[in-house]
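These protein sequences, in sequence, are chains A and B. 1 is the number of the first residue of the first sequence in the working numbering; add one for each residue after it. 1001 is the number of the first residue of the second sequence in the working numbering; add one for each residue after it. The beta-carbon is built from N, C-alpha and C at its ideal position, and this holds for glycine as well. Nothing here was measured: the structure is a model prediction, and the numbers come from that model. What follows is a set of notes on a single structure, which appears directly below.
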Amino acid sequence: MPLLDVKNLETVFTTDQGIVRAVRDVSFSLSEGEALGIVGESGSGKSQTMYSVIGLLAGNGRVESGDITFDGKDISPKNFKSQKEYEDVMKDIRGNTMGMIFQDPMTFLNPVLKIGTQLTEPILNHNKISMEDAKKRAIELMTLVGIPSPEKRIEQYPFEFSGGMRQRIVIAIALANNPKLVIADEPTTALDVTIQAQVLELIDELKNKSNSAVIMISHDLGVVAKLCDKIAIMYGGKIVEFGTDKDIFYDPKHPYTEGLLGCIANPEDDDEEELHPIAGSPPDLLNPPKGCPFVDRCDKAMNVCKNYPPKEIRFSDTHVSSCWLYDERVVAK
Amino acid sequence: MSEKPILSVSHLKTYFDVTKGLFTKKQIVKAVDDVSFDIMPNETFGLVGESGCGKTTLGRTIVKLYEPTDGSITFEGQDIAKIKGAELKAYRKNMQMIFQDPYASLNPRMTVGEIIKEPMIIHNIYDTDAEREARVVELLKIVGLKPDHIRRYPAEFSGGQRQRIGIARALAVDPKFIVCDEPISALDVSIQAQVVNLLKNIQKELGLSYLFIAHDLSMVKHISDRIGVMYLGHMVEMGPGNDVYHRPLHPYTTALLSAIPIPDPDVAKAKSRIILEGEIPSPINPPAGCPFCTRCQKATERCHKEMPQPIQVGTRMVACHLYER
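The following block contains the structure:
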């Protein structure tokens, strides 16, 4: 049984301009020890998908429909009698069996609390444990994520740490209760390349040691290539292609994935003449397109793409893509 | 190359006084410390390094947004390090800048037309407003926007489109040189490629020279003819892009290159990274000797004592004791 199973998730935001359909019919599942990368541009719904799962949507957002199962428990918001009941269950899960790493460590950490307080908080919240033991565990965690002299640094405040070190603290907090699933939302975007390499290496190492599953949200295919075994490509609130890292990078079956791969410069290639950008910009999810979300930017778009959403096409056990190009009704013609 | 460089920077230093209080010891940040390089006409020179290495300060000093502390900047044979007033204004007509954040660098209360027209008015380029307007329409076409965008406000545009507006504004005064300060790092991947291609095409058509500042090494290699690597205010290595990338000489360049995420799962998972321990030291108290000695795996005793001088190795300049004979 998968650790996390998301089926037909629909998330909407109510705004002054109307209803934004941020996540549209998203399904995926993840087993223990697996690393899933969710890749997409800003506004593709990749972060909102995960916020729907962990129950941290902004006030104007709500999960309209869909089923979410985590660790054998049903955590779909619609199946709870009240918001309070849902919150109680999620409070028990967040920071415990589900750890989270956010993009900007400076906004995640509380600037007026000592690192020690922030590290022991999740430990004390979820375990019957003395303050002393919690502190011991916190020092252990700091050693684990490679912070030198943790006994001394546990007494310091976030501003006394550099960007890379702060992100290590955030990772340590996420790992405090040996979570089964770690969700990392662009964990290295705010960091320099050399520090990014350190942090990615650390996440990879911890994943291999603890066998917890990892979901990595990123716009950078390079980051995902290093860490993930499965990749979901999101566009316009939908998963347009899903497959193993090799499926996606070596045999992409969706024009958007091909486009994404075409616009990154591969430094190994010296004669690369020109990049192949995707023209135009992402769709407006206030009025999501009737057919394929990518139709306006796709150079292979056909008439059918405009009016009818493509159905999911299975290429192998691991590889699915939603594109009319591969539909037998189109191929037959 | 018998051609004369369009821009020649020699022993440039930009220091900032960050002393707090009256009676404390003077504290100086050496943001750019003794940097020299040339840029040829029609060339793109890429500048890379971690945050805090001084690459943006260097770019801003060249546009004279900061006053250089020492050294010379020669643009088309004229030393501009000390110029002021009318001379500086004339220089700025030839030297423009594209900024990193397309949200912060456009005035939200001006229309696109006003934004692009402003430098033309400042530099008195056209006599009538109709002429200026015609030029704005032309520029909008060059950067891939529509003529009817002229009356709109920046808020109505996406990040990539705003960066195009920034590029049109830089082009408005027909400059010969543009300093691009991380023009793509705030943009989405699919939009980054659009902007890079646009910059390349404009360069081909108008014969511009670029100083392209970025921390994304793969993009820099793609767009640049030559690359300079900065560390803690110093230029540690400089040379043709492909050479620097495939045969890095300086240990810092090697480490920086091994940190690039490669968009290829087989290569990325097999690749062993040189993980740099620690972070960039504070420029207030830089290490004695080589700036990189605190993080370098090949550092010897000499590196901790003596600052390496730049030396020529083949096509390249490198500042490292390893290559001295």
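| field | Coarse secondary structure for Val351/A, derived from DSSP in three states | value | This structure cannot settle anything about residue 351/A, because the visible part of chain A is limited to 1 through 333.
Practice task
Please confirm if the segment 1187 to 1205 of chain B is in contact with the segment 1160 to 1171 of chain B, defined as three or more CB-CB distances below 8 Å between the two stretches.
Solution key: yes
Quiz item: Curious, which full-length beta strand (DSSP E) runs of at least 3 residues does the segment 1126 to 1204 of chain B contain?
Solution: 1177 to 1181
Given a cut-off of 8 Å on the beta-carbon distance, is the pair Thr194/A and Glu1050/B in contact? yes
### Query
Could one say the Cβ of Pro288/A lies closer than 8 Å to chain B's Cβ atoms, at least one of them?
no
Q. Does the beta-carbon of Ala332/A have 16 or more other beta-carbons within 10 angstroms, so that it is buried, or is it exposed?
A. exposed
Which residues in the same chain have their Cβ closer than 8 Å to the Cβ of Lys1359/B, if we skip the five residues on either side of it in sequence? A query on residue 1359/B cannot be resolved here, the shown segment of chain B reaching from 1001 to 1325 and no further.
Helix, strand or coil for Thr257/A? Go by DSSP, reduced to three states.
helix
Q.
With three or more beta-carbon pairs closer than 8 Å as the criterion, would you say the segment 88 to 100 of chain A touches the segment 139 to 155 of chain A?
A. no
| If we cut at 8 Å on Cβ distances, does Ile215/A have a partner in chain B? | no
* Short Cβ contact (8 Å threshold) for Thr1061/B with Ser1008/B -> no
Below 7 Å between beta carbons is the criterion; list the residues of the segment 155 to 177 of chain A that meet it against any residue of chain B, in chain order.
Ser162 and Gly164
Put Leu1256/B into one of helix, strand or coil per three-state DSSP. helix
Cβ-Cβ distance between His1215/B and Ser1185/B below 8 Å:
yes
Let me know the secondary structure DSSP gives Pro1240/B once reduced to three states.
strand
CA-CA distance, Ile1274/B and Gly1052/B? 21 Å
Notebook entry, point to check: Does Cys263/A get closer than 8 Å to chain B when you measure Cβ to Cβ?
Noted result: yes
Notebook entry, point to check: Near Gly243/A, which residues of its chain fall below 6 Å by C-beta distance, leaving aside the five closest residues on each side in sequence?
Noted result: Thr318 and His319
Are the C-beta of Ala1193/B and some C-beta of chain A separated by less than 8 Å?
-> yes
query = Would you call the CB atoms of Gly1233/B and Lys1030/B closer than 8 Å?
reply = yes
Give every residue of the same chain whose Cβ lies closer than 6 Å to the Cβ of Gly1046/B, excluding the five residues on either side of it in the sequence, and list them in chain order. Phe1212, Val1220, Ser1224 and Ile1227
Would you please verify whether the beta carbon of Ile68/A is less than 8 Å from any beta carbon of chain B? no
- prompt: Does the Cβ-Cβ distance between Met216/A and Gly37/A come in under 8 Å?
  reply: yes
Q. Using DSSP with H/G/I as helix, E/B as strand and the rest coil, what is Tyr235/A?
A. strand
Residues of its chain near Tyr235/A, where Cβ-Cβ distance is below 8 Å and the 5 sequence neighbours each way are ignored = Gly40, Glu41, Ser44, Tyr256, Pro282, Pro293 and Phe294
- Since Gly349/A and Ile278/A are thought to touch, with beta carbons under 8 Å apart, how far apart are those beta carbons, to the nearest angstrom? Nothing about residue 349/A can be read from this structure; chain A reaches only from 1 to 333.
**Study point:** Where His1250/B sits in the DSSP three-state scheme
**Key:** coil
| query | Which residue or residues does DSSP assign as beta-bridge partners of Gln167/A? | reply | The partner list for Gln167/A (beta bridge, DSSP) is empty, contrary to what the question assumes.
- request: Compare the C-beta of His1149/B with all C-beta atoms of chain A and state if any pair is closer than 8 Å.
  value: no
Next on the checklist: On the DSSP letters alone, give me the boundaries of the beta strand (DSSP E) that Lys1013/B sits inside.
Outcome noted: Leu1007 to Asp1017
Taking all protein chains shown into account, do 16 or more other C-beta atoms lie within 10 angstroms of the C-beta of Met1120/B, making it buried, or fewer, making it exposed? buried
| CB Ala225/A to CB Ala1268/B, shorter than 8 Å? | yes
Output needed in chain order: residues of the segment 1193 to 1211 of chain B with a Cβ under 7 Å from some Cβ in chain A.
Ala1193, Gln1194, Val1196 and Asn1197
Open item on the list: Looking at the secondary structure, which residues open and close the beta strand (DSSP E) in which Ser27/A lies?
Closed with: Gly18 to Leu30
Could you tell me the boundaries of the alpha helix (DSSP H) in which Glu201/A lies?
Val193 to Ser210
(request) Output the boundary residues of the beta strand (DSSP E) element that contains Ile101/A. (result) Met98 to Ile101
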